[in-house]
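Chains as they are written, first to last, in my numbering: chain A, 776 to 887; chain B, 2 to 208.
Where a beta carbon is used, it is the ideal one built from N, C-alpha and C, also for glycine.
These numbers were taken from a predicted model, which means no experiment stands behind them.
A quick write-up on the structure given underneath.
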């Protein structure tokens, strides 16, 4: 049983605030839900503290704003998540790029 | 894809399909390393989508509609009655709408709100305008929300505080006698539980 939704995550404020409609979370694409879920799952498993991820997210959003990028909230989230995992040595970018190519070419099927 | 590869995908707007592939690749790697399980991700997404929202409150309302004994307990001691359904963490008073009485919830001081039951408050709930006008001219505010009450209906305003939150038990709409509890819960909206809407019967129901 996973913990109930955490207020620390659900109530992030300012630029990091989760996109919502009528108070409910909005995932416009399935991948947005997946990346959100993976991030929360890894924080539950204590791979990192939520505030660590939040700091990365805030930094990524600030960076994107400064550069005038039109990326979406969850694109920035993905960026921040990858950065955090890389910083912690949990993934490396080459392996990720390779896996992405394998999925794209159909050489590898989803493992889930 | 276009030529300009950006090696670590940094700060580059990519088409959705590429993002989706990349997220799948990440999940695939993280699952392989046993850092996450796809089932846990499923459960989390569903918990956040469903539990933070008006769903819990809707379950409470639907139960009260189908179970008179539960309704009585809910009105007598809201805090204890919602705990029966596994919701808690809040001192709650439930106020019941009847043909002659309409209840409406506000927090004049800030934005106290029964999160555990109906999620996060909408922006208007926190606005100064709603907080002040709900008390001063509730009938007008309700009309703006599309609820036109007869003059004979008494309107009661409940001012939430940090210690005590309120939830409106809306009237069960006519034409829903055949619906089961789960289907009834789907009709209950957040706004109805704040008291700025009435619950509408499902499309096609006679009333």
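Short CB-CB distance (under 8 Å) between residue 794/A and chain B: As a first step, residue 794/A must be located in the first chain, where it is residue number 19. False, the Cβ-Cβ gap to chain B never drops below 8 Å.
Chain B within 8 Å of residue 840/A, Cβ atoms only: Within the first chain, residue 840/A is the residue found at index 65, counting from 1. Residue-level contact check: residue 840/A does not touch chain B, since none of the beta carbons of chain B fall below 8 Å from its beta carbon.
C-beta neighbour in chain B for residue 804/A, strict 8 Å: The count along the first chain starts at 1 and reaches residue 804/A at position 29. Look at residue 804/A: its C-beta is under 8 Å from a C-beta on chain B.
Limits of the unbroken alpha helix (DSSP H) element including residue 173/B: As a working note, residue 173/B is residue 172 in the second chain. Note, residue 173/B: premise wrong, no alpha helix (DSSP H); not H, not E.
Distance, residue 105/B Cα to residue 9/B Cα: Numbered from its first residue, the second chain carries residue 9/B at position 8. Numbered from its first residue, the second chain carries residue 105/B at position 104. Its pLDDT being 45, under 50, residue 9/B is placed unreliably in this model, and the value from its coordinates should be taken loosely. Computed Cα separation, rounded: 52 Å.
Buried or exposed by the 16-neighbour rule on C-beta atoms within 10 Å, applied to residue 65/B: What you label residue 65/B is simply residue 64 of the second chain in a count that begins at 1. Using a 10 angstroms sphere on the CB of residue 65/B, the tally of other CB atoms reaches 16 or more, which defines it as buried.
Buried versus exposed call for residue 791/A [16 or more other C-beta atoms within 10 Å across all chains shown]: Counting from one through the first chain, the residue named residue 791/A turns up at place 16. With 16 or more other CB atoms across the displayed protein chains lying within 10 angstroms of its CB, residue 791/A is buried.
Residues near residue 833/A in its chain [Cβ-Cβ closer than 7 Å; skip 5 each side]: One-based indexing of the first chain puts residue 833/A at position 58. Apart from sequence neighbours up to five positions away, the residues of its chain that approach residue 833/A with a beta-carbon distance below 7 Å are 790, 791, ordered along the chain.
Neighbour list for residue 879/A in chain B, Cβ cutoff strictly below 7 Å: On the first chain, residue 879/A is found 104 positions in, with the first residue counted as 1. Residues of chain B passing the Cβ test: 22.
Proximity test, Cβ basis, 8 Å: residue 834/A and chain B: Numbered from 1 along the first chain, position 59 holds the residue referred to as residue 834/A. Cβ-Cβ to chain B under 8 Å: no for residue 834/A.
Three-way DSSP call (helix, strand, coil) for residue 105/B in this model: Looking up residue 105/B in the second chain gives position 104. DSSP, read as helix, strand or coil, puts residue 105/B in strand.
Straight-line gap, residue 68/B to residue 189/B (C-alpha atoms, nearest Å): Walking along the second chain from the start, residue 68/B turns up at place 67. Walking along the second chain from the start, residue 189/B turns up at place 188. Going by the C-alpha atoms only, they are around 16 Å apart.
DSSP three-state assignment for residue 91/B, whether helix, strand or coil: Here residue 91/B refers to the residue found at position 90 of the second chain. Coil, per DSSP.
Any C-beta of chain B under 8 Å from that of residue 816/A: By one-based count along the first chain, residue 816/A stands at place 41. Closer than 8 Å: yes.
Contact set between residue 156/B and chain A, taken where Cβ atoms lie within less than 7 Å: Reading the second chain from its first residue, position 155 is the one you call residue 156/B. Within chain A, no residue has its CB atom less than 7 Å from the CB of residue 156/B, the nearest being about 24 Å off.
Straight-line gap, residue 835/A to residue 41/B (C-alpha atoms, nearest Å): Sequence index remark: in the first chain, residue 835/A carries index 60 (1-based). Sequence index remark: in the second chain, residue 41/B carries index 40 (1-based). Cα to Cα, residue 835/A sits roughly 26 Å from residue 41/B.
Spatial distance of residue 132/B from residue 142/B (CA atoms): As a first step, residue 132/B is located in the second chain; it is residue number 131 there, counting from the start. As a first step, residue 142/B is located in the second chain; it is residue number 141 there, counting from the start. Computed Cα separation, rounded: 11 Å.
Per DSSP, cross-strand counterpart(s) of residue 159/B: Walking along the second chain from the start, residue 159/B turns up at place 158. 106/B.
Anticipated Cβ contact below 8 Å, residue 169/B with residue 196/B, distance rounded: On the second chain, residue 169/B is found 168 positions in, with the first residue counted as 1. On the second chain, residue 196/B is found 195 positions in, with the first residue counted as 1. Contact holds; Cβ gap of about 4 Å.
Nearest candidate by alpha-carbon position, reference residue 155/B, set 102/B, 61/B, 30/B, 72/B: What you label residue 155/B is simply residue 154 of the second chain in a count that begins at 1. Nearest of 102/B, 61/B, 30/B, 72/B to residue 155/B, Cα basis: 102/B.
Residue nearest to residue 802/A in terms of C-alpha spacing, selected from 96/B, 31/B, 47/B, 111/B: Within the first chain, residue 802/A is the residue found at index 27, counting from 1. The residue with the shortest Cα to Cα distance from residue 802/A is 47/B.
Contacts around residue 71/B, its chain only, beta-carbon distance under 6 Å, and the 5 residues preceding and following it disregarded: As a position in the second chain, residue 71/B is number 70, starting the count at 1. The answer, listed in chain order, is 64, 65.
Helix, strand or coil at residue 177/B according to DSSP, with G and I counted as helix: Against the second chain, residue 177/B aligns to sequence position 176. Coil, per DSSP.
Contacts that residue 50/B makes with chain A (C-beta to C-beta distance below 8 Å): Along the second chain, one-based indexing puts residue 50/B at 49. Annotation: Cβ neighbours of residue 50/B in chain A (cutoff 8 Å, chain order): 799, 800, 802, 808.
C-alpha gap between residue 201/B and residue 60/B, whole angstroms: Position 200 of the second chain, counting from 1, holds the residue named residue 201/B. Position 59 of the second chain, counting from 1, holds the residue named residue 60/B. In a straight line, the C-alpha of residue 201/B is about 16 Å away from that of residue 60/B.
Members of the region 165 to 198 of chain B near chain A, C-beta cut-off 7 Å: Answer in chain order: 191.
Interface residues of chain B facing residue 874/A [CB-CB closer than 7 Å]: Residue mapping note: residue 874/A aligns to position 99 of the first chain, counting from 1. Within chain B, the residues near residue 874/A are 26, 29, 30.
Within 8 Å, strictly: CB atoms of residue 176/B and residue 118/B: On the second chain, residue 176/B is found 175 positions in, with the first residue counted as 1. On the second chain, residue 118/B is found 117 positions in, with the first residue counted as 1. Remark: C-beta atoms of residue 176/B and residue 118/B do not approach each other more closely than 8 Å.
Proximal residues, the region 858 to 872 of chain A versus chain B, C-beta separation under 7 Å: Taking 7 Å as the Cβ-Cβ cut-off against chain B, the residues of the region 858 to 872 of chain A that qualify are 865, 866, 868, 870, 871.
Limits of the unbroken alpha helix (DSSP H) element including residue 876/A: For the purposes of this step, residue 876/A is identified with residue 101 of the first chain, where counting begins at 1. Start and end: 868 to 880.
Backbone CA spacing between residue 30/B and residue 866/A [nearest angstrom]: The residue you call residue 30/B lines up with position 29 of the second chain. The residue you call residue 866/A lines up with position 91 of the first chain. Approximately 8 Å, taken between the alpha carbons.
DSSP state of residue 80/B mapped onto helix, strand, coil: What you label residue 80/B is simply residue 79 of the second chain in a count that begins at 1. DSSP places residue 80/B in helix when its eight states are reduced to three.
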